[in-house]
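Novice: Quick mapping for you: the protein sequence lines, in order, are chains A and B.
Each residue of the first sequence is one higher than the last, beginning at 107 in the working numbering.
Each residue of the second sequence is one higher than the last, beginning at 96 in the working numbering.
There's a structure below that I have some questions on.
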Amino acid sequence: MTARVLKTEEYRITDEPYYAAQGEEIVLFEAAYQNRLPVLLKGPTGCGKTRFMEHMAWRLKRPLITVSCHDDLTASDLVGRYLITAGETVWVDGPMARAVRAGAILYLDEIVEARKDTTVVIHPLADDRRVLPMEKTGELLEASPEFCLAISYNPGYQSVLKDLKQSTRQRFVALEFNYPKPELEQKIIERESGINATVAAKLVKFAGMTRNLKGQGLDEGASTRLLVHAGKLIAAGITPQSACRGAIAEALTDDSEMLAAVNELSASLF
Amino acid sequence: MLRWSDAIAKTNAEMAYQFTFHVPQALRQLDLASVEDWVVHAMDLFDKMGLYPACAVFRNIAGFADEVRDKLNGMALEDIAHVLELFVRGLSGRALKLDVGDEPYTDTETLFLPARVARLDDREQNFRLYKAMAAHQWAQTRYGTFRVSLTEALAGYADPHRAQRLFQTLETIRLDARLAHDLTGLHREMTALRAALGEQLYPAAWEAKITRLRSRQADVRDTLALLTELYDQELPPPVCYQGTLHPEDVEATMSARLAREHFELHVALQQMLGEQEGKAAESSENLAERFSLTREENDSELGGEFSMTINLDGQPIAPPEHVRQLMDSILQDLGEIPDEYLHAAGDGGYRRAGEEKPDEDSWKASYQDEGALLYNEWDFRRQHYRKHWCVLRESDVPPSDEPFVARTRQKYAGLIHQLRKSFEALRGEEKLLKKQVNGDNVDFDALVEAWADMHTGREMSDRLFTKHHKHDRNIAVMFMVDMSGSTKGWINEAERESLVMLCEALEVLGDRYAIYGFSGMTRKRCELYRIKRFDEPYGEEVEKRIAGIQPKDYTRMGVTIRHLTKLLNEIEARTKLLITLSDGKPDDYDGYRGDYGIEDTRQALIEAHRCGIHPFCITIDSEARDYLPHLYGAVNWTLVEDVKKLPLKVSDIYRRLTA
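And the structure:
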């Protein structure tokens, strides 16, 4: 087996990624896309932001370039840099320049994790100019109508350091995501993990219990993604209690008392 | 043993006598570690309740030996309270407190559980029993045991007490059925517990009668109806986790909560209306006209039986999180939200109990009210902590309108300018690092060099990149300012001036800092005065508080250090500093002086150090050399001999400390 090697801008999603709409987000995103407006997705981790982007890329039939931001991400990581090959300097596009050239959807995941000076380089792309100035080559890349910029962030981190600047956020159409309603969440888990409705309902209930504990020692309750993980383990024959412990409880916290409490909750349900 | 009797004699002579009298017997019955526990237990009791109960412990060795055995298998509420609290919190959104009670019962806001459970032979099982008790009480609040007034319902019986017990048995059947449906695993555990204890929930003859209670639609009224039918039957013994009912307590708590929530819902709805319309709602009369409630049956597995939706002008609207929780809480109590909840609560409104701020004197009088924190204190003679010995309260320094800060700024204008400059030099600057293994850009100088090296056959360096590096200070510093009576006059003035200078300097530097003043009188009244919290900007409010620093009472340092350590621990920073400005030895009214005070302070500092905090002390006490090295270590303190120089020195010391 060898992995397929693709250029990022050639990666297209051909099979429909499963996404169950929580509200009007699909319509809104499409309207924003037609009007060449950048989009900001906000919501807690694991509630479906990235899946939504994949779904939209499939729906709009554009390549999707995803950049997971981290605190060492620099502007040249995004735009591009000179490299040396065979004794010559060669300019190599970064993901942002590639996305603009290819008219792709550029998705900057967890944008607040990137350094403050990095977030500024998206500004010219995010307003009506829609250009990417490349200082080092002295060029200006003008985005085609197909290009779309989307960023995501989690407003749940209540750190002053991890807040999005007004000058950045006020350029975007914002879509709010949250954990789906219980009925919908149950359906998503059934569909994604292949477990039956009863177990899925219990998982959703369990998630609700952990979300009750948010702020009591848990930073976040169990996300839909974790529920799907647990569901998959259960479908693979792991006992529900062990699955909840491994896929959810241990993933949520390291605090031993909190772990004990969360495990007691899952033990109570199954 | 001799060391112990000596240590006890220092606390109380009678205790020491009792100890030496009983210790030979204790040594025969207990192992050495248990004897030590026995002594510590007696001393704790002495601290808490006085001589007689403590002596009783010494006398009752056999009882203690039983307890030790108990302890091996039994479970103490203290050890698992937090886990249980989180467990119950997870079960439902409404927070329920846990507390120790003689028998398990709930008043719908607090779950009372026995301090120890040792009915079963192993700890795990005893924990299960605790869990079952907590869950059962939670079920009472969740599945509406108290939705009818039990005092009224039971009053009609010839023997209300008997009726209550029978009612509880029946209600337990109903709740168990609900749990079996909603929380299968929990119910299995509870059944297993009953089996382990050989308990039976009800006589077999009842089987036919009680099927009704097992349906999902059954509520407390069905239980009451069945109670009438079965009243003449024999009472089955209580189930291990059922505890008792205290209907009077429940009704008192509930009516208080309902009134409060009625009021809160009203306020919240008004607010929502205000937000919808973009202005504050003018009057409360029109609320009922605008809002309406609809009840939605909810058959699915998820959520409760039904939910209520708020409509504004006929359109359903999504209430904010806290309103939803409020509605949920009301639903749990009443099973519905009556329409009158949309009308104003009572005449003239209801005043929330929580908002009534107790005046300062009553605050000081008792020490069990809210906001009081309990801390251990180290007793070096016993080589043990005295548990929950000190009562500490936090409050803001009363702001003063005296233009103290402006005056100080003027007085030291030149110096402040200089300070700012020297601190600016310290500030983290962005640097371009050359010749890095990885980085943002190619370091062309390095590359040319490497290229040349390669062509001449030498080894090529891989350090070819430049990298921007921001030198982060990442320091959090806590200033702990002595506000004891001895600082009166010059010292207080100098302290306040120092703080002004410090704030000026730290604002330039960008380090996170907090300032707290401390004082107090006896262990029951340790006071901590907030001057600036970590998350507060340096502004007018803080300036006024600095101006308002007044000399108060004594200096009990240990408890202050412990509390500030806790606060510092909540802050994320690479370097954490705890800097004390002080004018003398730790000293308090109730014997907290000399070696005792110093040793407790030292212990508190060791604890802080263990948490990765660097303590430092700036003092003006010329005798500091005698004790500060023992407290802070040889280098972590400094003496400013001339009080007047304090403002100039403090910032300077800080600069040296963090450079």
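Ideal Cβ positions, reconstructed from N, Cα and C, are used throughout, including at glycine.
Give me the Cα-Cα distance between residue 316(B) and residue 242(B), rounded to the nearest whole angstrom.
Specialist: Going from the Cα of residue 316(B) to the Cα of residue 242(B) covers about 9 Å.
Novice: State the DSSP-derived secondary structure class of residue 274(A), mapped to helix, strand or coil.
Specialist: Here residue 274(A) sits in helix by DSSP.
Novice: Please confirm whether residue 279(B) has its beta-carbon closer than 8 Å to some beta-carbon of chain A.
Specialist: Yes - at least one Cβ of chain A is within 8 Å of the one on residue 279(B).
Novice: Against chain A, with Cβ distances strictly below 8 Å, would residue 607(B) count as a contact?
Specialist: No, no contact with chain A.
Novice: How far does the beta strand (DSSP E) with residue 186(B) in it reach, from first residue to last?
Specialist: Per DSSP, residue 186(B) belongs to no beta strand (DSSP E); it is in the alpha helix (DSSP H), 172-186.
Novice: Within this structure, are the beta carbons of residue 175(A) and residue 216(A) separated by less than 8 Å?
Specialist: Yes, the pair counts as a contact, with Cβ atoms nearer than the cut-off.
Novice: Quickly, what does DSSP pair residue 172(A) with across the bridge? List them, please.
Specialist: The partner list for residue 172(A) (beta bridge, DSSP) reads 213(A).
Novice: Quick one: Cα of residue 151(A) to Cα of residue 107(B), how far?
Specialist: Distance between the alpha carbons of residue 151(A) and residue 107(B): 59 Å.
Novice: DSSP on residue 625(B), reduced to helix/strand/coil?
Specialist: Strand at residue 625(B).
Novice: Mind checking the stretch 311-326 of chain A against chain B and listing, in chain order, the residues whose C-beta falls within less than 7 Å of any C-beta there?
Specialist: Taking 7 Å as the Cβ-Cβ cut-off against chain B, the residues of the stretch 311-326 of chain A that qualify are 311, 315, 316, 318, 319, 322 and 323.
Novice: Let me know the secondary structure DSSP gives residue 289(B) once reduced to three states.
Specialist: It is helical.
Novice: Using a Cβ cut-off of 9 Å, which residues of the stretch 180-191 of chain A contact any Cβ in chain B, in chain order?
Specialist: Taking 9 Å as the Cβ-Cβ cut-off against chain B, the residues of the stretch 180-191 of chain A that qualify are 180, 181, 182, 183, 187, 188, 189 and 190.
Novice: Start and end of the alpha helix (DSSP H) containing residue 340(A)?
Specialist: Counting along the chain, the alpha helix (DSSP H) containing residue 340(A) begins and ends at 330-341.
Novice: So, does the CB of residue 373(A) fall closer than 8 Å to a CB anywhere in chain B?
Specialist: Closer than 8 Å: yes.
Novice: Between residue 182(B) and chain A, is there a C-beta pair that is closer than 8 Å?
Specialist: For residue 182(B), the answer is yes, since a Cβ of chain A falls inside 8 Å of its Cβ.
Novice: Let me see if you follow: with CB-CB separation under 8 Å, is residue 376(A) close to chain B or not?
Specialist: Yes, because at least one Cβ of chain B sits closer than 8 Å to the Cβ of residue 376(A).
Novice: Quick one: what's got a C-beta closer than 7 Å to residue 703(B)'s C-beta in the same chain, skipping five residues either side?
Specialist: Same-chain partners within the cutoff: 656, 660, 673 and 710.
Novice: With a floor of 4 residues, list each alpha helix (DSSP H) that falls wholly inside the stretch 132-171 of chain B, ordered by position along the chain.
Specialist: Counting only runs of 4 or more, we get 146-154 and 156-168.
Novice: Flag this pair as touching only if the stretch 508-519 of chain B and the stretch 488-499 of chain B have three or more C-beta atom pairs under 8 Å; answer yes or no.
Specialist: Contact between the stretch 508-519 of chain B and the stretch 488-499 of chain B is absent, because fewer than three Cβ pairs lie under 8 Å.
Novice: DSSP on residue 341(B), reduced to helix/strand/coil?
Specialist: The answer is coil: DSSP assigns residue 341(B) none of H, G, I, E or B.
Novice: Please list, in chain order, the residues of the stretch 347-369 of chain A that have any C-beta partner in chain B closer than 8 Å.
Specialist: Listed in sequence order: 347, 363, 364, 366, 367 and 368.
Novice: Looking only at its chain, what residues have a beta carbon closer than 6 Å to the beta carbon of residue 285(B), apart from the 5 residues adjacent to it on each side?
Specialist: Same-chain partners within the cutoff: 227.
Novice: According to DSSP, residue 575(B) sits in a beta bridge with which residue or residues?
Specialist: For residue 575(B), which the question treats as bridged, DSSP gives the partners 611(B) and 675(B).
Novice: Taking the beta strand (DSSP E) that residue 467(B) falls in, what are its first and last residues?
Specialist: It spans 467-474 - the beta strand (DSSP E) in which residue 467(B) sits, taken as one unbroken run.
Novice: Whole-angstrom Cβ separation of residue 652(B) and residue 609(B), contact assumed at under 8 Å?
Specialist: Going by Cβ atoms, the distance from residue 652(B) to residue 609(B) rounds to 17 Å, so no, they are not a contact pair.
Novice: Between which two residues does the alpha helix (DSSP H) containing residue 503(B) stretch?
Specialist: 499-506 is the extent of the alpha helix (DSSP H) around residue 503(B).
Novice: Quick one: measure Cβ to Cβ for residue 345(A) and residue 328(A), integer angstroms, because I've assumed they're closer than 8 Å.
Specialist: Going by Cβ atoms, the distance from residue 345(A) to residue 328(A) rounds to 18 Å, so no, they are not a contact pair.
Novice: Okay, do the stretch 473-480 of chain B and the stretch 611-622 of chain B touch, 3+ Cβ pairs below 8 Å being the bar?
Specialist: Too few Cβ pairs lie closer than 8 Å, so no.
Novice: Residues of chain A with a CB under 7 Å from the CB of residue 226(B): which are they?
Specialist: Those within 7 Å of residue 226(B) in chain A are 370.
Novice: Apply the 10 Å Cβ neighbour rule to residue 343(A) and answer buried if 16 or more other Cβ atoms are within range, or exposed otherwise.
Specialist: Exposed, since its Cβ has fewer than 16 Cβ neighbours within 10 Å.
Novice: Who are the neighbours of residue 117(B) on chain A, taking C-beta pairs under 7 Å?
Specialist: Neighbours of residue 117(B) on chain A: none; closest Cβ ~37 Å, over 7 Å.
Novice: Given residue 696(B), which residues of its chain have a CB within under 8 Å of its CB, disregarding the five upstream and five downstream residues?
Specialist: Taken in chain order, the residues that qualify are 652, 653, 656, 681 and 726.
Novice: Just tell me which of 348(B), 144(B), 706(B) and 121(B) has its CA closest to the CA of residue 664(B).
Specialist: For the residues 348(B), 144(B), 706(B) and 121(B), the minimum Cα distance to residue 664(B) belongs to 706(B).
Novice: Could you tell me whether the stretch 240-253 of chain A touches the stretch 288-306 of chain A, where touching means 3 or more Cβ pairs closer than 8 Å?
Specialist: Cβ pair count under 8 Å is below three, so no.
Novice: Whole angstroms are fine: how far does the CA of residue 337(B) sit from the CA of residue 444(B)?
Specialist: Low confidence applies to residue 444(B): its pLDDT is 42, below 50, so where it sits in the model is not reliable, and the reading given next is rough at best. Those two C-alpha atoms are separated by around 39 Å.
Novice: So within the stretch 535-605 of chain B, which uninterrupted beta strand (DSSP E) runs reach at least 3 residues, ignoring any that extend past its ends?
Specialist: Runs of the beta strand (DSSP E) inside the stretch 535-605 of chain B: 560-565 and 570-577.
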